[in-house]
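In our numbering, the protein residues as written are 2 to 284.
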Amino acid sequence: MIYLLISILSSTAIFVVFKLFKKYEVNTLQGIVVNYFTAFLLGFLLYKGRIVPSEIIQTDWFIAAIMLGFLFIAIFNVMALTAQKNGLSVASVASKMSVIIPVVFGIVVFKESVGTQKILGIILALVAVYLTSVKQKGNIVLTQSIYLPVILFLGSGIIDTSINYFAPDDNIPLFSATIFAMAALIGVILLLVSLAQSKNKLKLISIPFGIALGLVNYCSIHFLLLALRVENTESSTLFTINHIAILALSTLIGLVLFKEDISKKNWIGIILALISIALVTLA
2 MIYLLISILS STAIFVVFKL FKKYEVNTLQ GIVVNYFTAF LLGFLLYKGR IVPSEIIQTD
62 WFIAAIMLGF LFIAIFNVMA LTAQKNGLSV ASVASKMSVI IPVVFGIVVF KESVGTQKIL
122 GIILALVAVY LTSVKQKGNI VLTQSIYLPV ILFLGSGIID TSINYFAPDD NIPLFSATIF
182 AMAALIGVIL LLVSLAQSKN KLKLISIPFG IALGLVNYCS IHFLLLALRV ENTESSTLFT
242 INHIAILALS TLIGLVLFKE DISKKNWIGI ILALISIALV TLA
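Structure representation (structure tokens):
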């Protein structure tokens, strides 16, 4: 469970770094690009074997890694658009509710166990996602640009499912690095277009914050994959625990560090999240 714990803490740290982006006026796109390059370099540094580009291209996971790199950038932009047009609450609910996709995939494709207690835990987890994500001041507008939260829901779920399905057991650092390398290349193109179309300039402060984001971003995926490769571990159980724990911990950190308001619904969501984790873990 140590791998899962590190992944949860790393994913929660991503939330903290993004909060600091806003506080210190870091350019989000610039920070994101630095983040992907950092994660890409970290993956290659952690890989202990000999790196031969021609051999990487011939692996059975290379095409999947390239597609995931595209998805990383695309879904990030969809998340931003969803937040702008439908509200932050809708974006949060859509992305977190997507956990149902890898959970169902694990049960159907991998023939993982399913029982009354586990199903109840998963249902409570989804209710917890909604209650914890919805803020008092957030206006939920599902009718406006309804396709955006749908795409965000499907895209986030496909990313989680694909990472688990295609990741090679013996080449996790290289697999992760390839995904981040593709995301970084696309990010550079977007950044160059953005700089050409606006008067924004490169901000040096984006570099240290981007590096910090890249470190925790890489760890969140690397250790999640390691947790999924532990013997007798079921992806449906692990993804449920991972998503719900991140959501609950992020909400509590928002309260303690950033003095965010937490409503009664949010507290009920946190309590249900803890109950769902216990039910799924002990199922």
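Built from N, CA and C at the ideal position, the CB exists for glycine as well.
Endpoints, the alpha helix (DSSP H) within which residue i is located
i, result
"VAL168", "It should be pointed out that residue 168 corresponds to Ala in this sequence rather than to Val. No alpha helix (DSSP H) holds ALA168; DSSP gives it neither H nor E."
"ILE9", "3-24"
"LYS260", "Premise fails: LYS260 is in no alpha helix (DSSP H) and is neither H nor E."
"ILE101", "101-109"
"VAL35", "29-47"
"ALA185", "173-198"
"GLN118", "117-134"
"GLU235", "That residue, GLU235, is in no alpha helix (DSSP H); it is neither H nor E in DSSP."
"GLY215", "207-229"
"SER58", "In the sequence on display, residue 58 carries Ile and not Ser. It spans 54-58 - the alpha helix (DSSP H) in which ILE58 sits, taken as one unbroken run."
Candidates the options: closest to residue i by CA position
i, options, result
"ILE164", "GLN118, GLY107, PRO209 and LEU132", "GLY107"
"SER264", "MET2, TRP62 and THR252", "THR252"
"LEU273", "VAL35, LEU72 and ALA126", "ALA126"
"GLY211", "THR39, PHE167, LYS260 and SER146", "THR39"
"ILE173", "PHE41, MET2 and LEU10", "PHE41"
"ALA66", "CYS220, LEU229, PHE176 and LEU192", "PHE176"
"LEU43", "VAL128, ALA213 and ILE278", "ALA213"
"THR60", "PHE167, GLY255 and ASN87", "PHE167"
"ILE57", "PRO169, GLN31, GLY156 and MET2", "PRO169"
"PHE16", "ILE254, LYS260 and GLY116", "ILE254"
"ARG230", "LEU275, GLY116 and ASP171", "ASP171"
"VAL194", "GLN31, THR13 and MET68", "GLN31"
"TYR219", "PHE73, LYS86, LEU258 and ALA279", "PHE73"
Test item: CB-CB of residue i and residue j under 8 Å
i, j, result
"SER114", "GLU232", "no"
"PRO150", "VAL105", "no"
"LYS97", "LEU248", "yes"
"TYR37", "GLY215", "yes"
"ILE76", "LEU21", "no"
"LEU239", "LEU5", "yes"
"VAL281", "VAL18", "no"
"ILE102", "GLY158", "yes"
"SER221", "SER8", "yes"
"PHE71", "ILE187", "yes"
"SER277", "ALA129", "yes"
"LEU250", "THR13", "yes"
Exposed unless 16 or more other CB atoms sit within 10 angstroms - verdict on residue i
i, result
"PRO209", "exposed"
"PHE224", "buried"
"THR162", "buried"
"ALA197", "exposed"
"LYS24", "exposed"
"ASN78", "exposed"
"VAL189", "exposed"
"VAL100", "buried"
"VAL94", "buried"
"GLY122", "buried"
"LEU192", "buried"
"VAL110", "exposed"
"ILE3", "exposed"
"PHE147", "It should be pointed out that residue 147 corresponds to Ile in this sequence rather than to Phe. So ILE147 counts as exposed."
"LEU69", "buried"
"ILE33", "buried"
"VAL257", "exposed"
"THR83", "buried"
Heavy atom of the ligand GDP within 7 Å of residue i beta-carbon
i, result
"LEU43", "For the structure depicted, the ligand GDP is absent and the ligand set is empty, with no information on it obtainable."
Cutoff 8 Å: residue i Cβ touching any chain D Cβ
i, result
"THR60", "Judged by its chain identifiers, the structure shown contains no chain D, having just a single protein chain."
If contact is defined by three or more beta carbon pairs under 8 Å, each pair taking one atom from either stretch, is the segment 48-57 in contact with the segment 197-207? A contact is defined here as three or more CB-CB pairs under 8 Å, and the segment 197-207 fails this definition with respect to the segment 48-57.
How do the segment 236-245 and the segment 176-191 stand: do at least 3 beta-carbon pairs fall below 8 Å, yes or no? Taking 8 Å as the limit for Cβ pairs, the verdict is that the segment 176-191 does not touch the segment 236-245.
Given 8 Å as the limit, is there contact between the segment 122-138 and the segment 261-275, that is, 3 or more CB pairs closer than that? Taking 8 Å as the limit for Cβ pairs, the verdict is that the segment 261-275 does touch the segment 122-138.
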